[in-house]
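Here the structure is laid out as structure tokens; the discussion comes afterwards.
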Amino acid sequence: MTIKVKLPAFLLALAVLFSAFSATAATEDKRAEYIRSHYAKYEYNVPMRDGKTLFTSVYVPNDQSKKYPMLMQRTPYRVAPYGTDKYKTRLGPSEKFEQEGFIFVFQDVRGKQMSEGEFVNMRPQDAYKRGKKAVDDATDAYDTIDWLVKNIPNNNGKVGQWGISYPGYYTSVSAINSHKALKAISPQAPIADWFFDDFHRNGAFSTPMAFIFFDSFDKPRDGVFPWSEDRRDLPTQDGYQFYHELGSLKNVNEKYFHHERPFWDELTQHPNYDDYWKARDVLQHLDDVKPAVLVVGGWYDTEDLYGPLATYKTMSDNNKKDNVQLVMGPWYHGQWIRDKGENLGLAQFGFETSIYFQDNILLPFFNQHLKDDSKVAYKPQTTMFETGANRWRTFETWPPKQVSEKTWYLTADESISDKPSADKQGFDEYLSDPNKPVPHSASISRGWDRPYMAEDQRFAARRPDVLIYNSEPMESDMTIAGPVDVSLWVSTTESAADFVVKIVDVFPGVDENTNKVDRETDNRHELVRWGIIRGRFRNSFSEPEAFTPNTPTEVKFQLYDVLHDFKRGHKLQIQVQSSMFPFMDMNPQKYVENIFEADDSDFVKAFHRVYRTEDMPSNISFTVLEK
13 MTIKVKLPAF LLALAVLFSA FSATAATEDK RAEYIRSHYA KYEYNVPMRD
63 GKTLFTSVYV PNDQSKKYPM LMQRTPYRVA PYGTDKYKTR LGPSEKFEQE
113 GFIFVFQDVR GKQMSEGEFV NMRPQDAYKR GKKAVDDATD AYDTIDWLVK
163 NIPNNNGKVG QWGISYPGYY TSVSAINSHK ALKAISPQAP IADWFFDDFH
213 RNGAFSTPMA FIFFDSFDKP RDGVFPWSED RRDLPTQDGY QFYHELGSLK
263 NVNEKYFHHE RPFWDELTQH PNYDDYWKAR DVLQHLDDVK PAVLVVGGWY
313 DTEDLYGPLA TYKTMSDNNK KDNVQLVMGP WYHGQWIRDK GENLGLAQFG
363 FETSIYFQDN ILLPFFNQHL KDDSKVAYKP QTTMFETGAN RWRTFETWPP
413 KQVSEKTWYL TADESISDKP SADKQGFDEY LSDPNKPVPH SASISRGWDR
463 PYMAEDQRFA ARRPDVLIYN SEPMESDMTI AGPVDVSLWV STTESAADFV
513 VKIVDVFPGV DENTNKVDRE TDNRHELVRW GIIRGRFRNS FSEPEAFTPN
563 TPTEVKFQLY DVLHDFKRGH KLQIQVQSSM FPFMDMNPQK YVENIFEADD
613 SDFVKAFHRV YRTEDMPSNI SFTVLEK
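Each residue of the sequence shown is one higher than the one before, counting from 13 in my numbering.
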């Protein structure tokens, strides 16, 4: 006789969780075991043209019956573990890369960990102008590849490179005056210009991202060593509270860094888009790219969404070859490698989008160009995930050409219309208070997180300092494809202001298939895209201007690209606000020359107006896929 015992719900859930964890751990152990038994590890100090050496780990297949291409990653984040008896548990972007067979190369970049030389953040790429033995990140890549193909046994003379975020940047710069053996690169979420990626957004500053990152990454080092610097523990995990109590940005040095973070000091001395930042713009060098390129990014990447879109556009516009391809998926920063890509928070994508990308796009791309495998050639110029509809789409170019243009205007009664208002005096007004800024998320977090990029926005829509405008329910599906242009007519009672615009997908409360309340998505307000402009940069990022109090002024900026389907019955909502805290720093709202040097007393309340009249038609413009 079998006795069945019914477990309590919480114990059942715990058992399911433990089972899933055990299965994942077993899979990872099996992958690590495969690497140990099929690859031999070697370590080298690779010489550069100026005499410095860069620490490089190389994993070579044990099977010497054939030659292999090399797949390289150059990183400022350690190639650990160090020691020829200590192996990585992952070598390629996925397990199938290791089973396919490559020579895997990992290198500490100049000035980091076990590599000699001086590390420079986003180093200007000007070695070829300076000549002789001048070095930069591009020459280091060249010299490394040249040494590898001449010294690593059993290589087939072909090299590929890939990396995410900062390693994505190192992948992009390897294409500058590239070595002839470099045949394929995949810059993934690459940094392109640090005045628009990561820490800056149209002049506004991401304090949590910069504070947390540079606290450990920017510590000066004395000599070479394999360990990484620890990051300080904040007194609370409530980022809103921590950065609110921090106050002005100049308090970072006074309370925490004490001028012991060199790059932090540099960026605070350059609040405008000056020659310092322009010299670090990678895009200006990407006009003669010879390797095949697969640029990868995520629609929900809060760190580097500008980078992949700008890198693809620059490379595809400036190179007269069809060797540049783009993939954009429904992912947070690096999610296409870090998990299966089924969801981001409550936003569901319907299937394992990351696995699809790894198996059907990324591996075939490198096989095609490094192993001459034409059977698995990756063909589409752009492969883009359409959020809302949850499907992959392919286009010859991005943005696609088969589109129609639309302009939607802000109108009275919190509405949107395809016709400008005939009102002569209409406006909406709100009080922006630096002491109570609008949260970037309803969650308690460190202030630099991921799920907020697709978060339900009802928490913000119900605040008095957030304006909302709704369309009528969609009569049929509408797919926005490309960037969104914003034109706001605004005024302020003070002399400075930020403006945040969000595009939100408002779900119907009733499931159209059952005519019952949809208990999973009931009236969900899902964030599709947001953007910010620091008002002082409305006409130039290099020459900031104050607002004249109580004077209507047009402010234009662009939200990064989207490919989103607003389904039948859904509404498009626009939200306008002046803070996105603590992810973006708070504007003092009193004009100061350098916000990094503002005093706490400079932060003042201000009334902001958004006009919606015939003469001042605040609106958004975008393109829609034709049916």
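All C-beta atoms, glycine included, are put in the ideal place defined by N, C-alpha and C.
### Task
Give a yes or no on whether the C-beta atoms belonging to residue 506 and residue 602 are separated by under 9 angstroms.
yes
#### Entry: Opening and closing residue of the alpha helix (DSSP H) in which residue 304 lies
It is not in any alpha helix (DSSP H) - residue 304 instead sits in the beta strand (DSSP E) that spans 304-310.
### Task
Rank 84, 459, 366 and 100 by C-alpha distance to the C-alpha of residue 194 and give the top, closest one.
84
### Query
According to DSSP, what are the bridge partners of residue 490?
Looking at the DSSP assignment, residue 490 forms a beta bridge with 578.
### Query
Which class does residue 625 belong to by DSSP, given the choice of helix, strand or coil?
Residue state, collapsed to three classes: coil.
### Task
Would you kindly work out how many angstroms separate the C-alpha atoms of residue 235 and residue 125, rounded to a whole number?
One C-alpha to the other measures close to 9 angstroms.
### Message
Between the alpha carbons of residue 637 and residue 410, how many angstroms are there, rounded?
### Response
12 angstroms
### Where residue 189 sits in the DSSP three-state scheme
If DSSP states are grouped into helix, strand and coil, residue 189 belongs with coil.
### Query
Helix, strand or coil: which one does DSSP assign to residue 411?
coil
### Message
Short of 7 angstroms in beta carbon distance, which residues of its chain neighbour residue 561, apart from the five on each side in sequence? Order them along the chain.
### Response
504, 505, 506 and 507
### Task
Would you mind reading off the limits of the beta strand (DSSP E) that contains residue 375?
It is not in any beta strand (DSSP E) - residue 375 instead sits in the alpha helix (DSSP H) that spans 375-382.
### Message
By the DSSP assignment, the beta strand (DSSP E) with residue 163 in it spans what residues?
### Response
No beta strand (DSSP E) holds residue 163; the alpha helix (DSSP H) holding it covers 149-163.
### Query
For residue 190 versus residue 119, is the C-beta spacing smaller than 9 angstroms?
no
### Message
From the DSSP secondary-structure annotation, give me the bridge partner or partners of residue 169.
### Response
Residue 169 pairs with nothing; no bridge assigned.
### Strand pairing of residue 584, partner residues [DSSP]
517
### Task
Specify the secondary structure class of residue 55 as computed by DSSP and reduced to three states.
Strand, per DSSP.
### Query
Exposed or buried, residue 538, counting other C-beta atoms within 10 Å across all chains shown (16 or more means buried)?
Buried.
### Query
In three-state DSSP terms, what is residue 197?
strand
#### Entry: residue 335 versus residue 99 - alpha carbon distance
34 angstroms
### Query
Mind checking whether residue 200 and residue 180 have CB atoms under 9 angstroms apart?
yes
### Message
Just to confirm before moving on: does the CB-CB distance between residue 198 and residue 153 stay below 9 angstroms?
### Response
no
#### Entry: Three-state secondary structure assigned by DSSP to residue 371
helix
### Query
What is the DSSP secondary structure of residue 474, reduced to helix, strand or coil?
coil
### Query
Looking only at its own chain, which residues have a Cβ that is under 6 angstroms from the Cβ of residue 101, when we skip the five neighbours before and after it?
44
### Message
If you measure between the beta carbons of residue 583 and residue 485, is that distance less than 9 angstroms?
### Response
yes
### Task
Return the first residue and the last residue of the beta strand (DSSP E) that residue 545 is part of.
Residues 537-546.
### Message
On the DSSP letters alone, give me the boundaries of the alpha helix (DSSP H) that residue 251 sits inside.
### Response
251-258
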